[in-house]
DNA sequence: GTCTATAGTCGGATAGAC
DNA sequence: GTCTATCCGACTATAGAC
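Protein chains in written order, with my numbering: chain A, 1 to 236; chain B, 1 to 236.
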């Protein structure tokens, strides 16, 4: 039950690193992965360099080759690590919402759970210092699809958008899978990124120097207002 | 009154290209700029290459050097060109909204103009085929601030967010410059990017193959619903 | 497992002819 | 104004010793 888990992560050439027994070099592998997560968070796939990563990890270039079979293998390993860590961070809210959808199909229950999910996501994306780089990684791969797009779409974006859309459909009284609900889900999730991908703009606009707990609370209340408004009918 | 205007765009070294008279090479310069806009739209500053740009423009590398004093100069010239073209595209809606703010300070007028501004922006960002690359350029520079960040923030993001925030504040009955209104403005503008930066996710989620007039209409109606909800009070 | 040394490629920029 | 030729640095990956 380690950070990365024991199972299926080696590429063909690097298989030997996972032979049964003590696996002496696992710590080196882990250090490389950690450094790479940071590096690929700071810069895109093309711009980040294996030299820089190897140096920061205190190993030489061929070592990286040995464990991950090259730059692309390392990049994809990072994507898988992000998926796994993201799951651990948001499991609670996600399963609670999923159960609620089945247990109590009223609009107000769905609204409460939508708020809970969005709060969890916002806290993860904006609040957690370490998640900042991961979010950048995911956002970049979304905009300029690369070697890890499929991994991230199938494990993060796809399920996330769909479960959000399900909650919104329930609030609006629409059938599951309604296109309008999906659009609203995309708009809502995308607005979250104002304070993540768009951090430099947001800081400058708000006159903040960082997004701490107080700032996060203001953002959350803005998001709540948006969610409160979903599906309300009003005159005029 | 040409595409780029006559005035102050040369760097020190490239000054000679703008000496009085016929300026024989202006057409070459223009061609390079056009190609560069496309190239820097498709790829980031680091990833796009001057070789590729020069070749696509049908000139050699030193020519690029001659007109723009290197890669960075070309990049900033692109940013300035985008600002200028964006202004031409949205002048109408922007000035109308600005006047309305002064003429008629009711919430409903502000709401109508907010819708008009957002529609104009969405049509520009999502609808216009040529703006696609420009939007990518701007979005990238927002996330990873580079040589052109200041140009784009001061001329695009800053004014855009502020005028949106002003309209929202008016709808909400808050004083101009209220932080809550600014947050709502950032959230609203950021949600627009779901169908721009997030195009690959959006297409896949919606099952669309492209965003044509019909799809754009659905997005606009989602945005309208969001705007309609701003500032409404409702009993739970 | 991890290293040194190096191959092979490609990037931006410059010198200097025309 | 625009070119050809070239420099030099940085990158990914491999060969092969330890």
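By construction, the Cβ of each residue, glycine as well, lies at the ideal position given by its N, Cα and C atoms.
For the pair residue 219 (chain A) and residue 164 (chain A), the CB atoms are not nearer than the 8 Å cut-off. Taking the CA atoms as reference points, residue 61 (chain A) sits about 47 Å from residue 25 (chain B).
Where residue 105 (chain B) is concerned, there is no enclosing alpha helix (DSSP H), because DSSP gives it neither an H nor an E. Within the same chain, 165 come within 6 Å of residue 182 (chain B) by CB-CB distance, once the 5 residues on both sides are set aside. With respect to the 8 Å criterion, residue 170 (chain A) and residue 107 (chain A) are classified as neighbours on the basis of their beta carbons.
If you draw a straight line from the Cα of residue 146 (chain B) to the Cα of residue 223 (chain A), it comes to about 29 Å.
For the set A:113, A:39 and A:197, the Cα lying nearest the Cα of residue 92 (chain A) is the one of A:113.
When Cβ-Cβ separations below 8 Å define contact, residue 157 (chain B) makes contact with chain A.
Between residue 199 (chain B) and residue 153 (chain A), the C-beta gap is not smaller than 8 Å, which leaves the two residues out of contact. Using a CB distance cut-off of 8 Å, residue 29 (chain B) does not count as an interface residue toward chain A.
A Cβ-Cβ contact shorter than 8 Å links residue 126 (chain B) with residue 216 (chain B). Per DSSP, reduced to three states, the secondary structure at residue 196 (chain B) is coil, with no helix or strand assignment. Taken in chain order, the whole alpha helix (DSSP H) runs of length 4 or more contained in the region 13-79 of chain A are 26-42, 50-57 and 61-68. Residue 33 (chain A) is not a Cβ neighbour of residue 59 (chain A), given a cutoff of 8 Å. Sixteen is the threshold: since fewer than 16 other Cβ atoms of the shown chains lie within 10 Å of the Cβ of residue 214 (chain B), the residue is exposed. Taking C-beta atoms as the reference points, residue 212 (chain A) and residue 134 (chain A) fail to come closer than 8 Å. Residue state for residue 161 (chain B) is assigned as helix, using DSSP reduced to three classes. Residue-level contact by beta carbon holds for residue 194 (chain A) and chain B, with a gap shorter than 8 Å. It is roughly 17 Å from the alpha-carbon of residue 122 (chain B) to the alpha-carbon of residue 159 (chain B).
About 3 Å separates the beta carbons of residue 229 (chain B) and residue 229 (chain A), which is inside the 8 Å limit, making them a contact pair. The beta-carbon separation of residue 151 (chain A) and residue 76 (chain A), rounded to 7 Å, stays under the 8 Å limit for a contact. Taking the Cα positions, residue 144 (chain A) is about 43 Å away from residue 104 (chain B). Within chain A, the residues whose beta carbon sits less than 7 Å from that of residue 182 (chain B) are 205 and 206, listed in sequence order. Between residue 68 (chain B) and the set B:28, B:156, B:193 and B:149, the nearest pair of CA atoms involves B:28.
Taking a C-beta distance under 8 Å as the contact criterion, residue 157 (chain B) and residue 201 (chain A) qualify as a contact pair. Counting the other CB atoms within 10 Å of its CB gives residue 190 (chain A) a total of 16 or more, which places it among the buried residues. Counting the other CB atoms within 10 Å of its CB gives residue 210 (chain B) a total below 16, which places it among the exposed residues. With a beta-carbon spacing of about 19 Å, residue 64 (chain B) and residue 82 (chain B) fall beyond the 8 Å limit used to define contacts.
Between residue 140 (chain B) and residue 44 (chain B) a beta carbon distance of about 6 Å is seen, short of the 8 Å cut, so the two are scored as contacting. Within 10 angstroms of the beta-carbon of residue 231 (chain A) lie 16 or more other beta-carbons, which makes it buried.
Put simply, the backbone Cα of residue 55 (chain B) is about 53 Å away from that of residue 175 (chain B). It is roughly 37 Å from the alpha-carbon of residue 48 (chain A) to the alpha-carbon of residue 97 (chain A). Contact annotation for residue 71 (chain B) against chain A: no contact, minimum CB-CB distance about 14 Å [criterion: below 7 Å]. Shown in chain order are the members of the region 209-223 of chain A whose Cβ falls below 9 Å from a Cβ of chain B: 218, 219, 221, 222 and 223.
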